[in-house]
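2 protein chains.
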Amino acid sequence: MVEVGLTRINVLDGVAAHCVAMLDRSLLLTDLYELSMLEAYDANGMAETAVFELFFRKLPPGRGFLMAAGLEQAVQFLEAMRFTPDELDWLRKSSLCSAAFCEKLTTLRFTGDVDAMPEGTVFFPNEPILRVTAPLPQAQLVETRLINLLHFQTVIASKAAHMVLAAPGKQLVDFGLRRAHGAEAGLLAARAAYLAGFAGTATLLANRDFGIPVVGTMAHSFVQAHDDEATAFERFASARPKALTLLIDTYDTERGASIVATLAPRLAARGITVSAVRLDSGDLAAHARAVRAILDAAGLRAIRIFASGGLDEWSLLSLCRSGAPIDGFGVGTSLTTASDAPALDCAYKLQEYAGRPRRKLSEGKATWPGRKQVYRRFTDDGTIAGDIVALLDEVADGVPLLLPAMREGKRADHLPDLAAARVHAASSLAQLPGALRRLEPADVPVEISRGIRRLAAAMDRTATQDQGS
Amino acid sequence: MVEVGLTRINVLDGVAAHCVAMLDRSLLLTDLYELSMLEAYDANGMAETAVFELFFRKLPPGRGFLMAAGLEQAVQFLEAMRFTPDELDWLRKSSLCSAAFCEKLTTLRFTGDVDAMPEGTVFFPNEPILRVTAPLPQAQLVETRLINLLHFQTVIASKAAHMVLAAPGKQLVDFGLRRAHGAEAGLLAARAAYLAGFAGTATLLANRDFGIPVVGTMAHSFVQAHDDEATAFERFASARPKALTLLIDTYDTERGASIVATLAPRLAARGITVSAVRLDSGDLAAHARAVRAILDAAGLRAIRIFASGGLDEWSLLSLCRSGAPIDGFGVGTSLTTASDAPALDCAYKLQEYAGRPRRKLSEGKATWPGRKQVYRRFTDDGTIAGDIVALLDEVADGVPLLLPAMREGKRADHLPDLAAARVHAASSLAQLPGALRRLEPADVPVEISRGIRRLAAAMDRTATQDQGS
Numbered sequence: 001m002v003e004v005g006l007t008r009i010n011v012l013d014g015v016a017a018h019c020v021a022m023l024d025r026s027l028l029l030t031d032l033y034e035l036s037m038l039e040a041y042d043a044n045g046m047a048e049t050a051v052f053e054l055f056f057r058k059l060p061p062g063r064g065f066l067m068a069a070g071l072e073q074a075v076q077f078l079e080a081m082r083f084t085p086d087e088l089d090w091l092r093k094s095s096l097c098s099a100a101f102c103e104k105l106t107t108l109r110f111t112g113d114v115d116a117m118p119e120g121t122v123f124f125p126n127e128p129i130l131r132v133t134a135p136l137p138q139a140q141l142v143e144t145r146l147i148n149l150l151h152f153q154t155v156i157a158s159k160a161a162h163m164v165l166a167a168p169g170k171q172l173v174d175f176g177l178r179r180a181h182g183a184e185a186g187l188l189a190a191r192a193a194y195l196a197g198f199a200g201t202a203t204l205l206a207n208r209d210f211g212i213p214v215v216g217t218m219a220h221s222f223v224q225a226h227d228d229e230a231t232a233f234e235r236f237a238s239a240r241p242k243a244l245t246l247l248i249d250t251y252d253t254e255r256g257a258s259i260v261a262t263l264a265p266r267l268a269a270r271g272i273t274v275s276a277v278r279l280d281s282g283d284l285a286a287h288a289r290a291v292r293a294i295l296d297a298a299g300l301r302a303i304r305i306f307a308s309g310g311l312d313e314w315s316l317l318s319l320c321r322s323g324a325p326i327d328g329f330g331v332g333t334s335l336t337t338a339s340d341a342p343a344l345d346c347a348y349k350l351q352e353y354a355g356r357p358r359r360k361l362s363e364g365k366a367t368w369p370g371r372k373q374v375y376r377r378f379t380d381d382g383t384i385a386g387d388i389v390a391l392l393d394e395v396a397d398g399v400p401l402l403l404p405a406m407r408e409g410k411r412a413d414h415l416p417d418l419a420a421a422r423v424h425a426a427s428s429l430a431q432l433p434g435a436l437r438r439l440e441p442a443d444v445p446v447e448i449s450r451g452i453r454r455l456a457a458a459m460d461r462t463a464t465q466d467q468g469s
Numbered sequence: 001m002v003e004v005g006l007t008r009i010n011v012l013d014g015v016a017a018h019c020v021a022m023l024d025r026s027l028l029l030t031d032l033y034e035l036s037m038l039e040a041y042d043a044n045g046m047a048e049t050a051v052f053e054l055f056f057r058k059l060p061p062g063r064g065f066l067m068a069a070g071l072e073q074a075v076q077f078l079e080a081m082r083f084t085p086d087e088l089d090w091l092r093k094s095s096l097c098s099a100a101f102c103e104k105l106t107t108l109r110f111t112g113d114v115d116a117m118p119e120g121t122v123f124f125p126n127e128p129i130l131r132v133t134a135p136l137p138q139a140q141l142v143e144t145r146l147i148n149l150l151h152f153q154t155v156i157a158s159k160a161a162h163m164v165l166a167a168p169g170k171q172l173v174d175f176g177l178r179r180a181h182g183a184e185a186g187l188l189a190a191r192a193a194y195l196a197g198f199a200g201t202a203t204l205l206a207n208r209d210f211g212i213p214v215v216g217t218m219a220h221s222f223v224q225a226h227d228d229e230a231t232a233f234e235r236f237a238s239a240r241p242k243a244l245t246l247l248i249d250t251y252d253t254e255r256g257a258s259i260v261a262t263l264a265p266r267l268a269a270r271g272i273t274v275s276a277v278r279l280d281s282g283d284l285a286a287h288a289r290a291v292r293a294i295l296d297a298a299g300l301r302a303i304r305i306f307a308s309g310g311l312d313e314w315s316l317l318s319l320c321r322s323g324a325p326i327d328g329f330g331v332g333t334s335l336t337t338a339s340d341a342p343a344l345d346c347a348y349k350l351q352e353y354a355g356r357p358r359r360k361l362s363e364g365k366a367t368w369p370g371r372k373q374v375y376r377r378f379t380d381d382g383t384i385a386g387d388i389v390a391l392l393d394e395v396a397d398g399v400p401l402l403l404p405a406m407r408e409g410k411r412a413d414h415l416p417d418l419a420a421a422r423v424h425a426a427s428s429l430a431q432l433p434g435a436l437r438r439l440e441p442a443d444v445p446v447e448i449s450r451g452i453r454r455l456a457a458a459m460d461r462t463a464t465q466d467q468g469s
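First to last, the protein sequences are chains R and A. Numbering follows the numbering used here, in which position 234 of the first sequence is assigned residue number 234; successive positions increment by one, without gaps. Numbering follows the numbering used here, in which position 225 of the second sequence is assigned residue number 225; successive positions increment by one, without gaps.
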């Protein structure tokens, strides 16, 4: 990993460990229908154990796999889950549910179990990545926010992982807060990208809340606010001399590079090192070559080149393959909005209630019934050979991927922190076969077990008989 | 507007008026480079007046216009802008800036002016929708979060407005919280969609915080949790009898409709009215026709049909044109992620500093210099004839679109609330010429004034001379 010396890279382990990002914890962050169903369950005494599973139906074009992310935030949400007195007060006044039912909501907590793929695990369509086992009302109410938390970070981690594979050995930095969909999206996108192998983020709050290395350069407005570029560079260098990166494309990239070539020795005499220059427009490969030549001719081989501006995994791949002398990349919009596939088809579906498997048959959206586990088999050299989705009580070869995340409403002891999840993500990516690492990937090796198929067929026969009766 | 009787439509004016959605207000929700530049501005005493403008560079395919949204949240952010003692404490410990500079940040507030298009205004590329006039450090620091707030809601309002035009007279409801990019995105998407003409949202918190009508049906899991569909419907109806909507596609849509046809008279005898049924899968037009026939044959003409499931403006247009008997639509993912164009190319650029116009010349990203206003001309029947972007001191025909939103750091008196903005949005849409209302729109009638072109040319000549010297 080449470390481009952008202004300050900083990890505040001690501080970050004490700061948990305060995401919105309101239980009103849900769909009205969850509450409606809870009231109806309550009226009919339906509180037996339900099993819901969250899975993704298919891969978007250009993705060979997905990467699980967001479990930490999901567990925090479930652990803290309750209606506050203010929220209950509002619900009572709103007449959205009866006063008697509101009263029962005061003691609502999550007391169930969660099994999930650890964050950073690579997975494929139709594999449950999370299973909730809890009294029906609890497992139902959390649907909206669980999907909201797990879908988004999984979308971003998956996108980021493909970028990491497209630009091996390059320093990738999240520049995307401004185009992210709101504050929480910006913050969690920084987290998901770091999890997937990004080196850092430009977002200050992601440093404070998650301990993610924070990186910064300068904006065009800084250069524009000065009457000439050389003065702008010199002033910035004097005020922020550490790990100095100068943005050289405000007027003309090569002229910007020449100014740096003249300025760098003068700054060096004052003990200030120009660490990198940033390009942000035009043909980045061509500019990088020209800038490299200008800097090298001035004996400034140590100054790194950092590029940004509308990049995605395809342009990263193309720039890296072309051998353009670029050491690191800032990726914004395409990362934090996952612009080619900002949403994936995922679902959180009831698979079992009161000891009986359940199945939805809606056209094009039928689900596999029953409590399931995913087993992964490997070749001798540790590459993923294939997965099998099986019933929990079936015998299957391979390593089980869904591990305990919560028991009786409490976080499991061994849940990995972000640093551990990032290591797991890297080793998970290293296990991918070549055919799935490409941006035009092969088909995915997922098998549905014989037990699940038998169960589904048996349920369909029963359903047909029920209809007939 | 057909009002489908989904479970509870509810506006809590009194309550909502007292609840301001608490979005994340942290000033650390910014890029490190903003802080770096502030420190360098401070070191060089650069605190004269800067003018930044926010504009969108181009329309994505399938959009004839954009709709301005998010100003209310932007103004709230600027009014409340300050580093908290905790944040300053963290900054000091982080060594991300010098102790002396941290000290100066304690008194940082926004004291500038903001002029902006009122929310709900229809606009076109290269038109500034917001102008900030403030001391340079203030105007710089707010860049990241201002774009983050205004870009997202504008993206969603624009998408929603095209859906509103595609489905005239139909009740459109936001169902998209689960796939939105986090909590804030879900909440603000509900707001932006309502602003643009949606009738309501499924998100409870959007009702509490913004007074947006909240709407709900039932989920497949409710039906699945019962041993048969008829029991599920009957129990739900008994527990939640008001504005009752039954989801009929869990197993087989037409069979679901027949169950409703049998059940509705029995419920009616108990004083419970089935208001609507919801379809969520398969060929919605075909199912709607079949379901309509089943209900009509049973004399249940008053039961409305509501449809959902992967809808976007194109499928809405097609369903409405086909004359499918659908009265309302729930739109989720494509709305709250603006899935075909989740990000637009927008920028917040320095146009003037210390009384001098400024221009960025980066390849493909050059900006028009100077403080600007947008003037809109209308035909005799009130249709938009064309816009002209002009310098503030130029004389131009038409109605100025940028209006005072803040003066000296305080909110302008007349800033419209959400209800007023929604009325403005509707009249703004009504002013669109037919050619711009289509999903395959005509070119946009925006002119750049002679004054701006002259100024840009003069600046480019000077820049060339500077380079030569």
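Using N, Cα and C, we set each Cβ at its ideal position, and we do this for glycine too.
For residue i, list the residues DSSP reports as bridge partners.
i: R:R411; result: R:M406
i: R:R278; result: R:L247, R:F306
i: A:A390; result: A:Q373
i: R:E53; result: R:R131, R:K349
For residue i, which of helix, strand or coil comes out of DSSP?
i: R:V260; result: helix
i: R:L246; result: strand
i: A:V155; result: helix
i: A:E143; result: helix
i: R:A338; result: coil
i: R:E87; result: helix
i: R:G451; result: helix
i: R:T253; result: helix
i: R:P118; result: coil
i: R:D497; result: A query on residue 497 of chain R cannot be resolved here, the shown segment of chain R reaching from 1 to 469 and no further.
Sort the options by Cα distance to residue i and report the nearest one.
i: R:D249; options: R:D280, R:S221, R:L267, R:L263; result: R:D280
i: A:R371; options: A:V51, A:R25, A:M46, A:S36; result: A:V51
i: R:D228; options: A:T49, A:Y375, A:R356, A:V75; result: A:R356
i: R:A183; options: A:R301, A:P416, A:H151; result: A:H151
i: R:H424; options: R:K93, R:V122, R:F65, R:F110; result: R:V122
i: A:D327; options: A:P265, A:V173, A:P441; result: A:V173
i: A:S36; options: R:M37, R:A237, R:L29; result: R:A237
i: R:P433; options: R:I384, R:V446, R:F110, R:A419; result: R:I384
i: R:S315; options: R:R304, R:R301, R:P128, R:V331; result: R:V331
i: R:V214; options: R:A190, R:R270, R:R235; result: R:A190
Which same chain residues end up closer than 8 Å to residue i when comparing Cβ atoms and leaving out the 5 residues on each side of it in sequence?
i: A:P342; result: V155
i: R:S449; result: I388, V389, A390, L391, E394, A396
i: R:L12; result: Confidence is the limiting factor: at R:L12 the pLDDT is only 38, short of 50, which leaves the residue's position unreliable, though a coordinate-based value still follows. Hits under 8 Å: N207, R208, G211.
i: A:V75; result: V114, A405, M406, R411, L415
i: R:A435; result: G64, P441, A442
Please go through the same chain and pick out, in chain order, the residues whose beta-carbon is closer than 7 Å to the beta-carbon of residue i, but skip the five residues on each side of it.
i: R:A412; result: P404, A405, M406
i: A:L165; result: L429, R437
i: R:L439; result: G62, H162, A166, E313, W314, L317
i: R:R25; result: F77, A80
Given the structure, does residue i come close to the ligand GDP, in the sense that its CB is under 7 Å from one of the ligand's heavy atoms?
i: R:E34; result: Absence of the ligand GDP is noted for the structure shown, with no ligands found whatsoever.
Would residue i pass as an interface residue toward chain B - the criterion being a Cβ-Cβ separation below 8 Å?
i: A:L317; result: Among the chains of the structure shown, chain B does not appear; the protein chains present are R and A.
Spatial neighbours of residue i within its chain, please: C-beta separation below 6 Å, excluding the five flanking residues on both sides.
i: A:H162; result: E313
i: A:A17; result: The predicted model places A:A17 with a pLDDT of 34, which falls under 50 and marks its position as unreliable, so this point remains unresolved.
i: A:H220; result: T250
contact_flag[the stretch 109-117 of chain R, the stretch 387-403 of chain R] where n(CB pairs < 8 Å) is 3 or more: yes
Touching by the beta-carbon criterion (3+ pairs, under 8 Å), the stretch 24-40 of chain A and the stretch 192-204 of chain R: yes
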